[in-house]
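J.: Take a look at the following structure, please.
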Amino acid sequence: MLPTKRKSTRKGVDEDSAVPFKKCVVRPSGEGESQDDLPLSQDSVASLDRDLLSIDCLKLLAEKGFADVAKVLQEEGVTNELIDRVTESQLKDLEIKPLGKRLEAIKCIQKITEGLYGYKILNDPIHGHIEIHPLCVRIVDTPQFQRLRSIKQLGGVYFVYPGAAHNRFEHSLGVCYLAGQLTSTLRKRQPDLEISNTDVLCVQIAGLCHDLGHGPLSHMFDKKFLPVARPKDKIKHEDLSVKMFDHLVSSNNLLGEFEKYGLTEQDRTFIKEQIAGPRKHIQKKIVDGK
Numbered sequence: 001m002l003p004t005k006r007k008s009t010r011k012g013v014d015e016d017s018a019v020p021f022k023k024c025v026v027r028p029s030g031e032g033e034s035q036d037d038l039p040l041s042q043d044s045v046a047s048l049d050r051d052l053l054s055i056d057c058l059k060l061l062a063e064k065g066f067a068d069v070a071k072v073l074q075e076e077g078v079t080n081e082l083i084d085r086v087t088e089s090q091l092k093d094l095e096i097k098p099l100g101k102r103l104e105a106i107k108c109i110q111k112i113t114e115g116l117y118g119y120k121i122l123n124d125p126i127h128g129h130i131e132i133h134p135l136c137v138r139i140v141d142t143p144q145f146q147r148l149r150s151i152k153q154l155g156g157v158y159f160v161y162p163g164a165a166h167n168r169f170e171h172s173l174g175v176c177y178l179a180g181q182l183t184s185t186l187r188k189r190q191p192d193l194e195i196s197n198t199d200v201l202c203v204q205i206a207g208l209c210h211d212l213g214h215g216p217l218s219h220m221f222d223k224k225f226l227p228v229a230r231p232k233d234k235i236k237h238e239d240l241s242v243k244m245f246d247h248l249v250s251s252n253n254l255l256g257e258f259e260k261y262g263l264t265e266q267d268r269t270f271i272k273e274q275i276a277g278p279r280k281h282i283q284k285k286i287v288d289g290k
């Protein structure tokens with residue numbers, strides 16, 4: 001049984017798709033081992049095929065004491081490109097017992113895939129030192145994102161309060177971090193949601209890019225300027241952010257970068273759905289308690 005992708009909540013995007021996870025790079029055996037590292041016993045991996053040992057993520061999973069799980073995943077065709085999509089319910093269907101072992105195996109897989117790529121550390125004025133995924137760094141380094149340095153978070157408020165001069169750039173970095181923290185906490189406290197590392201990354205990117213569509217003077221642009229310039233169009237800055245996200249990806253040739261880190265077209269759609277926000281009738285149901 002191969003891991004499958006979420007179904008989109010938006011119309012027209014409802015097919016399942018398996019999201020590739022590019023070949024990972026793990027530390028050499030014996031380098032930087034901690035007390036949590038379990039030795040690879042001869043008995044525990046005696047039944048594993050030689051091909052399995054050449055697959056880094058599965059090999060590391062076996063080294064952590066889950067050789068039987070790694071063997072089953074190999075037999076089911078789960079490689080580095082798919083291992084991040086494995087869920088507890090799928091391990092249950094594969095007759096991995098007991099429940100505690102399945103949960104520990106999923107936790108181990110998450111730790112393995114979390115450490116595949118080097119993160120960049122930034123000094124946030126609110127949250128201190130924060131880690132940013134390499135794909136997020138590539139997005140930050142684009143001209144479309146760098147323009148946020150020149151857009152004040154509070155519009156023209158700094159003309160009255162000179163200290164209110166922070167910008168959408170630093171705000172977006174903070175939202176990216178908090179979005180990742182929120183999703184990671186949900187995954188930890190609600191394992192039944194089966195949130196993967198790729199899901200966490202999608203939410204981080206959505207948080208990072210949610211303000212890409214802001215114009216000069218921030219909300220004053222879409223509340224005062226756009227209604228005059230485009231009176232017939234009901235344009236929101238969220239819609240402009242989605243368009244700017246597409247432009248950012250295409251004009252900077254980032255499709256390959258998204259694929260490198262395991263994100264497909266459906267993942268990008270998921271990101272844009274988060275940027276656009278829920279439809280009005282859904283918001284009304286939430287307010288009405290329905």
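In case it helps, UniProt numbering puts the sequence shown at residues 1 to 290. Note that the Cβ used here is the ideal one computed from N, Cα and C, for glycine as well. This structure is a prediction, so every number in the text was calculated from the model and none was measured.
Can you tell me whether isoleucine 271 is helix, strand or coil according to DSSP?
T.: helix
J.: Grab the span of the beta strand (DSSP E) containing isoleucine 151 for me, first residue to last.
T.: Unbroken run through isoleucine 151: none, as it is neither H nor E.
J.: Pull up the CB-CB distance for leucine 248 and leucine 212, whole angstroms please, since I reckon it's below 8 Å.
T.: 7 Å
J.: Among the residues of its own chain, which have a CB less than 8 Å from the CB of arginine 230, if the five just before and after it don't count?
T.: none
J.: Within 8 Å, do at least three Cβ pairs link the segment 188-200 to the segment 84-101?
T.: yes
J.: Who are the near neighbours of valine 157 in its chain, counting only those whose CB is closer than 6 Å to its CB and skipping five residues on each side?
T.: Ala164
J.: What are the residues that DSSP puts in a beta bridge with leucine 122?
T.: Ile130
J.: Please confirm if proline 125 has its CB atom under 8 Å from at least one CB of chain B.
T.: Absent from the structure: chain B. Only one protein chain is present.
J.: In its own chain, which residues sit with a C-beta less than 8 Å from the C-beta of isoleucine 121, not counting the 5 before and 5 after it?
T.: His129, Ile130, Glu131, Ile132
J.: In three-state DSSP terms, what is asparagine 197?
T.: Of the three classes helix, strand and coil, the one that applies to asparagine 197 here is helix, per DSSP.
J.: Could you pull the start and end residues of the alpha helix (DSSP H) that tyrosine 177 belongs to?
T.: 168-189
J.: Keeping to the same chain, check which residues put their C-beta closer than 7 Å to that of glutamate 114; ignore five residues upstream and five downstream.
T.: Asn197
J.: State the Cα-Cα distance for the pair isoleucine 112 and glycine 155, rounded to the nearest angstrom.
T.: 43 Å
J.: For isoleucine 126, does the count of other Cβ atoms within 10 angstroms reach 16, so buried, or fall short, so exposed?
T.: exposed
J.: Pick helix, strand or coil for arginine 279, following the three-state DSSP scheme.
T.: coil
J.: Assuming isoleucine 275 and cysteine 176 make a contact with CB atoms under 8 Å, what is their CB distance in whole Å?
T.: 12 Å between Cβ atoms; not a contact.
J.: Please state whether DSSP places phenylalanine 66 in a helix, a strand or coil.
T.: coil
J.: Note the first and the last residue of the continuous alpha helix (DSSP H) segment covering alanine 229.
T.: Segment 226-229, the alpha helix (DSSP H) holding alanine 229.
J.: Could you check whether histidine 219 and isoleucine 151 sit closer than 8 Å to each other, using their CB atoms as the reference points?
T.: no
J.: In terms of residue numbering, what span does the alpha helix (DSSP H) encompassing arginine 102 cover?
T.: 99-114
J.: Pull up the distance between the alpha-carbon of residue 311 and that of proline 278, whole angstroms please.
T.: The chain is shown from 1 up to 290; residue 311 falls before or after that span and cannot be answered.
J.: From aspartate 199 to phenylalanine 270, what does the alpha carbon distance come to, in whole angstroms?
T.: The alpha-carbon atoms of aspartate 199 and phenylalanine 270 are separated by roughly 9 Å.
J.: If we call anything under 8 Å between Cβ atoms a contact, is tyrosine 261 one with leucine 201?
T.: yes
J.: Let me know if phenylalanine 66 comes out buried or exposed under the rule of 16 or more other beta-carbons within 10 Å of its beta-carbon.
T.: Of the other Cβ atoms in all chains shown, 16 or more fall within 10 Å of the Cβ of phenylalanine 66; this residue is therefore buried.
J.: Whole angstroms are fine: how far does the CA of arginine 187 sit from the CA of glutamate 63?
T.: 24 Å
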